[in-house]
Amino acid sequence: MPLDCDQSTIQHLPDDYSHFVTSLLLLDKLDKATITQAFLTEETQRGAPVAQWFDALSAAALSASSASSSSTSSCTFCTRPGHTQATCRTFANAQKRARDYVASGGSKKRQEKSKKAEETAAASVVTEFAGNASAVPDLTDPSSPIQPHTDFCWNADSGCTSTMTPHRHWIRNYRPLRVGVELADGSIIYSAGVGTVVVDPVVDGKTIRSVELTRVLHVP
1 MPLDCDQSTI QHLPDDYSHF VTSLLLLDKL DKATITQAFL TEETQRGAPV AQWFDALSAA
61 ALSASSASSS STSSCTFCTR PGHTQATCRT FANAQKRARD YVASGGSKKR QEKSKKAEET
121 AAASVVTEFA GNASAVPDLT DPSSPIQPHT DFCWNADSGC TSTMTPHRHW IRNYRPLRVG
181 VELADGSIIY SAGVGTVVVD PVVDGKTIRS VELTRVLHVP
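Here you go:
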């Protein structure tokens, strides 16, 4: 089915064609032949009957163009009279948004950057206190003392503002969380995540029913 398309038509495309429109706006040459070929290629790749709904869009663009036919100069992009595409502010703004979108890697990357910035800002403000705790020595160092019993036991009243553990595999419902943790010597380290941990409390030498601790920080 033949397609008769121009610059004004791409503004009426559905939202799921936003990436296609962006790629068109980045082209240096945006004429009828270029747009028509791009649509034919898109139709082939999608396997969708683009021509069926494109006729309706062309009719809408034609109506808008007819309304401005009283002017000898009409923009082929926005269909408004009194100027051409070369001086069209709507077209210039659309191209700028397209370039900005590509430069930032798209909306998904912007959201990821925003989320990371929020986490970093939160980490700089919120600081947990580790009580009398100090950093765990590097167990890969042959000279480091190994204390298997203390590494796998918890003090219920450590003075910390939050429960913390270096054991990632203990934590359920794990999610990344970077929070500053102040040690007893005043130095700051950072958590890697947070979640819940199920422990078996020992009271008077006897193990009692399991308890689930919430908001347990993973501090490697």
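Here the working numbering is used: the first residue of the sequence shown is 1, the next is one more, and so on.
Ideal Cβ placement from N, Cα and C applies to all residues, glycine included.
Since we're looking at a predicted model, the values are computed, not measured.
The continuous stretches of alpha helix (DSSP H) do not include R168, and DSSP gives it neither H nor E. Under the DSSP assignment, L24 falls outside any beta strand (DSSP E), being part of the alpha helix (DSSP H) whose first and last residues are S18 to L25.
In this chain, T79 is not harboured by any beta strand (DSSP E), its DSSP state being neither H nor E. Distance between R99 and L26, taken at the CA atoms: about 7 Å.
Counting of Cβ neighbours within 10 angstroms places V197 among the buried residues, the total reaching 16 or more. Inclusion of A192 and H167 in the CB contact set at 8 Å is not warranted, their separation being larger than that value. Excluding residues up to 5 positions away in sequence, C78 lie with their Cβ nearer than 6 Å to the Cβ of T90 in the same chain. Between S187 and V199, the gap from beta carbon to beta carbon reaches 8 Å or more. Beta-bridge annotation (DSSP): L213 is paired with V197. Taking a C-beta distance under 8 Å as the contact criterion, R178 and G195 do not qualify as a contact pair. Residue environment for T214: exposed (fewer than 16 other C-beta atoms within 10 angstroms of its C-beta). Straight through space, the alpha carbons of C75 and G82 are spaced by roughly 8 Å. Here the alpha carbon of Y190 sits roughly 27 Å from the alpha carbon of P201. In the DSSP assignment, the residues bridged to V202 are T207. Cβ neighbours of Q85 within its own chain (closer than 7 Å, five residues either side excluded): Q7, C75, T76, F77 and F91. Within a 10 Å sphere around the beta-carbon of V181 sit 16 or more other beta-carbons, which makes this residue buried. Take the alpha-carbon of T36 and the one of R80: they are about 22 Å apart.
The beta carbon of T207 is closer than 6 Å to those of D200 in its chain, skipping five residues each way along the sequence. When C-alpha distances from T22 are compared across V203, V102, M164 and H169, the shortest belongs to V102. Non-local C-beta neighbours of Q95 in its own chain, meaning closer than 6 Å and more than five positions away in sequence, comprise L25, ordered along the chain. Within its own chain, the residues whose Cβ lies closer than 7 Å to the Cβ of R175, once the five positions on either side in sequence are excluded, are G193, V194 and G195, listed in chain order.
As far as DSSP is concerned, R89 takes part in no beta bridge.
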